[in-house]
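See structure below.
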Amino acid sequence: MGILENISKNTRTELISKLKSSQESLEKFRKDLKKNPSNVQLQTDLSEILRKIIEIHNYMYSVLDAPSIPDSEYDRLFLELQRLEHRYPHLVTSHSPTQRVGATPLIKFSQVTHRLPMLSLSNEFDMASVEAFDRRLGEKLKVDKIEYEVEPKFDGLAVSLCYENGIFTTGATRGDGETGEDVTSNLRTVKSIPLCLRTGINNRPTYLEVRGEILMLKDDFKKLNQYQRKKNEKVFVNPRNAAAGSLRQLDPQIAATRRLTFFAYGIGEYKGEGIPHDTHSNVMRYIASYGFPIAKECDVVCGSAELLIYYKKIQDSREQLPYDIDGVVYKVNSIAQQEKLGFISRAPRFAIAHKFPAQEVITELLGIDVQVGRTGVLTPVAKLKPVFVGGATVTQATLHNEDEIKRKNVMIGDSVIVRRAGDVIPEVVEVVMERRPDNASQFIMPYWCPECGAKAVRMPNEAVVRCSGGLLCPAQKKQAIIHFASRRGMDIEGLGDKLVDQLVDTASIRTPADLYLLDEDKLISLPRMGKKSASNLLESLRKRKKPTLAQFIYALGIPNVGVITARELARYYGSFSRLQEADVEALQKIQDVGLIVAQSIVDFFAERHNIDIIKKLFSVGIELKENIDVQQTQSSDNNNLITGKTFVLTGTLSNLSREDAKERIENSGGKVTGSVSIKTNFVVAGVDPGGKYNKALELGVDILNEAELLELLQH
DNA sequence: GGGCCTCGAGATCA
DNA sequence: CTCGAGGCCC
22 MGILENISKN
32 TRTELISKLK
42 SSQESLEKFR
52 KDLKKNPSNV
62 QLQTDLSEIL
72 RKIIEIHNYM
82 YSVLDAPSIP
92 DSEYDRLFLE
102 LQRLEHRYPH
112 LVTSHSPTQR
122 VGATPLIKFS
132 QVTHRLPMLS
142 LSNEFDMASV
152 EAFDRRLGEK
162 LKVDKIEYEV
172 EPKFDGLAVS
182 LCYENGIFTT
192 GATRGDGETG
202 EDVTSNLRTV
212 KSIPLCLRTG
222 INNRPTYLEV
232 RGEILMLKDD
242 FKKLNQYQRK
252 KNEKVFVNPR
262 NAAAGSLRQL
272 DPQIAATRRL
282 TFFAYGIGEY
292 KGEGIPHDTH
302 SNVMRYIASY
312 GFPIAKECDV
322 VCGSAELLIY
332 YKKIQDSREQ
342 LPYDIDGVVY
352 KVNSIAQQEK
362 LGFISRAPRF
372 AIAHKFPAQE
382 VITELLGIDV
392 QVGRTGVLTP
402 VAKLKPVFVG
412 GATVTQATLH
422 NEDEIKRKNV
432 MIGDSVIVRR
442 AGDVIPEVVE
452 VVMERRPDNA
462 SQFIMPYWCP
472 ECGAKAVRMP
482 NEAVVRCSGG
492 LLCPAQKKQA
502 IIHFASRRGM
512 DIEGLGDKLV
522 DQLVDTASIR
532 TPADLYLLDE
542 DKLISLPRMG
552 KKSASNLLES
562 LRKRKKPTLA
572 QFIYALGIPN
582 VGVITARELA
592 RYYGSFSRLQ
602 EADVEALQKI
612 QDVGLIVAQS
622 IVDFFAERHN
632 IDIIKKLFSV
642 GIELKENIDV
652 QQTQSSDNNN
662 LITGKTFVLT
672 GTLSNLSRED
682 AKERIENSGG
692 KVTGSVSIKT
702 NFVVAGVDPG
712 GKYNKALELG
722 VDILNEAELL
732 ELLQH
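Numbering (the working numbering), first residue to last: 22 to 736.
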């Protein structure tokens, strides 16, 4: 049972014999050094053997969970190494176990761009969807039974760890999947993360990115909270939040006192030999052999019936597991099959998370508020008597719209069942009818917008009621500005909703374009706004004046145009003016743009007010990073191997002209540039390659031959 | 939606 | 020192 079967046991036996032989060298070096303390070679030898022994003990303790010596003995070895390094500072290496805790706190975390985006998994909650998933894949792959690698879904934080030439160099959070935060110094304090890949030098990859989850074990969480209580500091509500909080500490000293654990579940980009290409379970065994902890529960099963058996088994053992989980993950085991299946938007088609059902509790519905959204939609929100469910205290939940309230027959004063599963937004499931009080009152959707008093209208074939005030409605105005400044839009730091409230209410700004006309005096006059905050905001506005076309399109807040559509529009049209001129028919030629989205876009640009704002934005100095060379091409359906990648061509190709190759790469979403840099993803080398080839070797950029390029293009 | 950390502002106190 | 805002995580 389990893909790690026997591995741990064999490793342990092997390590113990390794320790035995190391022990002899250790004693010899100690003795020799005593006789000859100034011998540099002996100093180095001793520190190296100590490091090796300590790392082995560390591995046995934190990864295999089977220490072979008492803590006190480990501490003695550690102290010996510390003293030695202290006396001879040149002996210290970045991957020495003594260097897990960094000395100085950071000012702030810096951003890291993931070489391969960190994708998310689509979630399923019921058996039928899992069976449908298996059936769908079976049809696509034309096979009867699919083999899956299965694993528990940790309730922690996803991170990516980079190893360059075997040494841990950078660790980052998932972020939005594209870029995350550099939390290396905190991750170094996590004992189960190897600072150095465990296997010998021979087949060590030059670059390896290991992905997995940071979490806090239930026991460690309890201990931490006991400690916090004793110190009269605040306690954490659940292990996940404790882990997240610890990882975001700027001071690694504090992070080190919070016991975090890592489990690997996959790899990202890698360079070098030896990485299995056949199955995911072999990849897992491979990373385990490098010293990464893998969940004991990882396994391989076949067909949907076995998936469900696995699910049940894990669900039954959930309480006994040392960590919190919120479901299980199924991944197609064969890597060839994975590649065949590919990706849909930001999620692989070959894997899903099967989540445990959400926890449910009963609470009281105290009232129903009405909120006005960015597009003027009035949303009723249930105000609930606070109740702890699914790891958090729930106080409100959306009721979506009028019809939903009718359908669920919700009245103010009712007792309702509320559901929440980890990351899922709380939801009112149903009313407990037996408990309905006599004074329960009906909710009536307001006839006027609660924010601006304009008439609230419901279109004949729509489920929602809208404020008819448009951008004259302060709520919509504010939301439009907040959306404009949001991270996925113009990414203006320091501009949150409260500040926008103030700015709009004091009539300092009316549209996003007005933001760029703010000055320090104006800002300082606002309450709770000092010199520092003001200059931070102005700096942030200035810094982000050159958005990509996609960011800008998204930031405009065109109804029905989200990040993905914005990106697709930018890719297809390449320039803002081309998008602006497009008509409904033309727009619908784009993948995933139907009549509704197309009409929305055309309507948006037909609105005089919007055009004024856009003009004004350009006049205050917004410059777009456009790609006007782009042809209006059909999307190649997320060719993830090429999309967003940069190629450089060198030498003569036999089947393709340079021009053809360039065009085909660009049609698949890639970019072709002239010279090789660290940002280049692939160099395509034909016959008689030029200096670019050597440059690629030097920088370690992947080199493709013509056949490999054609294969990439095929997908 | 809710929980966490960090930062800056403003209050409080010496 | 306390508090609110903002950013980031699921």
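Yeah, the Cβ is synthetic: ideal placement off N, Cα and C, and Gly gets one too.
Quantities reported herein were computed from a predicted structural model and do not represent experimental measurements.
The residues V256 and F257, in chain order, have a CB closer than 7 Å to that of N246 in the same chain once the five nearest residues on each side in sequence are set aside. Around the C-beta of T414, fewer than 16 other C-beta atoms lie within 10 Å, and the residue is accordingly described as exposed. Residue range I28 to K56 is occupied by the alpha helix (DSSP H) that includes K55. By the Cβ-count criterion, V453 is exposed, with fewer than 16 other Cβ atoms from all chains shown falling within 10 Å of its own Cβ. Judged by DSSP secondary structure, Y332 falls outside any beta strand (DSSP E) and instead within the alpha helix (DSSP H) spanning G324 to S338. Cβ neighbours of R108 within its own chain (closer than 8 Å, five residues either side excluded): none. Residues of the same chain with a CB within less than 8 Å of the CB of I90, apart from the 5 flanking positions on each side, are H78 in chain order. About 36 Å separates the beta carbon of F175 from that of E101, a gap too long to meet the 8 Å contact definition. For G196, the closest of Q620, R508 and Q612 by C-alpha to C-alpha distance is R508.
Rounded to the nearest angstrom, the Cβ distance from N207 to Q249 is 18 Å, too far for a contact under 8 Å. Taking a contact as a CB-CB distance under 8 Å, the pair L98 and Q64 does not count as one, their CB atoms being some 16 Å apart. For D542, the closest of R531, L559 and T532 by C-alpha to C-alpha distance is L559.
Between I296 and P226 the beta-carbon gap is near 6 Å, inside 8 Å, which marks them as a contact. Counted as a single uninterrupted DSSP element, the alpha helix (DSSP H) harbouring I503 occupies residues P495 to A506. Around the beta carbon of K498, 16 or more other beta carbons sit within 10 angstroms, so the residue counts as buried. Exclusion of the five residues before and after K567 leaves E644 and K646 as the residues of its chain whose Cβ lies within less than 7 Å of its Cβ. Membership of F371 in any alpha helix (DSSP H) is not indicated, and neither H nor E is assigned to it by DSSP. In the displayed model, P471 falls within coil according to three-state DSSP, outside both helix and strand. In this structure, A418 and P447 form a Cβ contact; the two beta carbons are roughly 4 Å apart against a cut-off of 8 Å. Y82 and D512 have their alpha carbons spaced roughly 44 Å apart. Secondary-structure assignment with DSSP links Q392 through a beta bridge to T400.
Partner residues in the beta bridge of A413, as assigned by DSSP, are V410. By the CB criterion at 9 Å, P533 and A496 fall outside the cutoff. For K73 and F189, the gap between their C-alpha atoms comes out near 16 Å.
In terms of CA proximity to G515, S554 leads the group L590, R104, T194 and S554. The beta strand (DSSP E) runs of length 3 or more contained entirely in the stretch 132 to 196 are, from start to end of the chain, 132 to 134, 143 to 145, 168 to 175, 178 to 185 and 188 to 194.
Cβ-Cβ distances below 7 Å link D320 to M22, G23, I24, V171 and Y331 in the same chain, with the five nearest sequence neighbours on each side left out; the list follows chain order. In terms of Cα proximity to I389, the closest of D241, R279 and V431 is V431. Only residues of its own chain outside the window of five on either side were considered, and among them L271, D272, P273 and Q274 have a CB closer than 8 Å to the CB of P126, listed in chain order.
In the same chain as P580, and ignoring 5 residues on each side of it, the C-beta atoms closer than 6 Å to its own belong to T396 and S621, in chain order.
In the structure shown, I446 adopts coil according to DSSP, grouped into three states.
Contact annotation, I503 with D526: C-beta distance approximately 14 Å; criterion of less than 8 Å not satisfied.
In the three-state scheme derived from DSSP, where H, G and I count as helix and E and B as strand, K352 is classed as strand. Annotation for A87: R33 and M81 place their beta carbon closer than 7 Å to its own, counting only its chain and skipping 5 residues before and after.
With 16 or more other CB atoms across the displayed protein chains lying within 10 angstroms of its CB, C217 is buried.
Taken atom to atom, the span from the alpha-carbon of K166 to that of F242 is near 41 Å.
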